[in-house]
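Chemist:
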Amino acid sequence: MTKTPGPNHGSAKVLKDAQKQLTEYFKGKRKEFTFNFEARGTKFQQSVWNEISRIPFGKVLSYADIAREIGKPQASRAVGGAVGSNPVPLAIGCHRVLGASGKITGYSGGEGLPTKRWLLSLEGIETKD
């Protein structure tokens, strides 16, 4: 994740960059975000969010996959808590994290599960309900 030095540092440019990139994403012309943002959380949350940020457009992982990737294979539930605490759910693509069976589970962005389904569909991912 890219961090900015303070809340007002280049905020107009950051917002313009974010708006442009989000528009491109929703039009299917962008697969990753490069605008600057700061996601504050615990070291554990940061490790989860960093791992989620590595999931490419159009791919998904489970909470258990994330737990294994960060070296905490028994921490699937804690990973779920960190995913739910994600302060920028679209930029840190937590919609790409599914339950172990591939089933859609919670989403903190937008209108919850319908938004998660829609984002996954936008990325060409079929889901199990």
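Per this note's numbering, the very first residue in the sequence shown carries number 68; after that it's consecutive. A virtual CB, placed ideally from N, CA and C, is assigned to each residue, including glycine. Treat the numbers as computed from the prediction; the structure is a model and nothing was measured.
#1: Any idea if residue 144 is buried or exposed, counting beta-carbon neighbours within 10 angstroms, 16 or more meaning buried?
#2: Could you tell me the distance, in whole angstroms, from the CA atom of residue 86 to the CA atom of residue 152?
#3: For residue 164, write down the residues that DSSP places opposite it in a beta bridge.
#4: Applying the 10 Å Cβ sphere with the 16-neighbour rule, what's the burial state of residue 112?
#5: Reducing DSSP to helix, strand and coil, say where residue 195 ends up.
#6: For residue 161, collect the residues of the same chain with a Cβ closer than 6 angstroms to its Cβ; drop the 5 residues on either side in sequence, then sort them by chain order.
#7: Quick check: residue 192 and residue 146, are their CB atoms within less than 8 angstroms of each other?
#8: Quick check: residue 190 and residue 124, are their CB atoms within less than 8 angstroms of each other?
#9: Determine the closest residue to residue 165 out of 186, 155, 158, with distance taken between C-alpha atoms.
Modeler: Working from what's here:
#1: exposed
#2: Near 22 angstroms, if we compare the C-alpha coordinates of residue 152 and residue 86.
#3: 128
#4: buried
#5: strand
#6: 119, 150, 153
#7: For residue 192 and residue 146, no; Cβs fall outside 8 angstroms.
#8: yes
#9: 186
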